[in-house]
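Numbering (the working numbering), first residue to last: 916 to 1153. Just so it is clear, CB atoms sit at the ideal spot from N, CA and C, and this is done for glycine as well. Remember, it's a predicted structure, so these values are computed and weren't measured experimentally. These notes concern the structure reproduced below.
Pasting the structure below:
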């Protein structure tokens, strides 16, 4: 095997069967043929609670569970599915990781995260992110009726989309100082994240790298890391 796969920002939903089909094909191709699969957040377009998982998400969980029987699947929450909980993770056979996680990736220290925490120039979003991550906020939200939770999630999504249209590319991207600070803190020589939808391999000072996995809106995006190289590749949507 000797290779590890990283994906993120699939934004799966019932109204995008082409993305679902592409992801199923990806899972079938790599089943029992890689060391691990890391999903770096935003697996779903929106997630309002494990008890409200749609039929397509339950079907996906069963497929992921079969994949995980031979290959570990690790999941880091994104900004769209930060409410994905232990119940769904268990159904899917996914191992939940903290929002910042370091691994030994074939001899080098790699720090993994979704990436939204690095967009520090977006002050309004960072304030909301801090608020939504409070345990008491999640607890109270979970007590609300299902319809109320769906309405709140829909309203926040619409507000976010409208707000993002007015923000510059610089504000929407990661901030270099935040990247350097996190890599210094973790001692990582490699950072892998998503969120920005700008797939690329960035060379950094000190012989370090930052690799961004892309979204799956128009094509699939996969990072394959072996003991000797890291390769970003695209997958066609059916």
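In whole angstroms, give me the CA-to-CA distance for residue 962 and residue 933. 19 Å
Quick one: complete beta strand (DSSP E) runs, 3+ long, within the segment 1109-1149?
Listed in chain order, they are 1115-1119, 1123-1127, 1135-1140.
Confirm, please, whether the CB-CB distance from residue 1119 to residue 1113 is below 7 Å. no
- Message: Assuming contact is defined by CB atoms lying nearer than 7 Å, are residue 920 and residue 982 in contact in what I supplied?
- Response: no
Exercise. Answer with buried or exposed for residue 993, where buried requires no fewer than 16 other C-beta atoms within 10 angstroms of its C-beta.
Key: Per the 10 Å Cβ criterion, buried.
- residue 938 beta carbon less than 7 Å from that of residue 996: Contact flag unset, no.
Determine whether the beta carbon atoms of residue 918 and residue 1139 lie at a separation below 7 Å.
yes
In DSSP terms, what residue 1034 is bridged to
Bridge partners of residue 1034: none, in fact.
Residues sharing a beta bridge with residue 1019, DSSP
Per DSSP, 1024.
Review point. Just how far apart, CA to CA, sit residue 1137 and residue 1115?
Key: 11 Å
### Query
Should residue 954 be labelled buried (16 or more other beta-carbon atoms within 10 Å of its own) or exposed?
Buried: at least 16 other Cβ atoms inside 10 Å.
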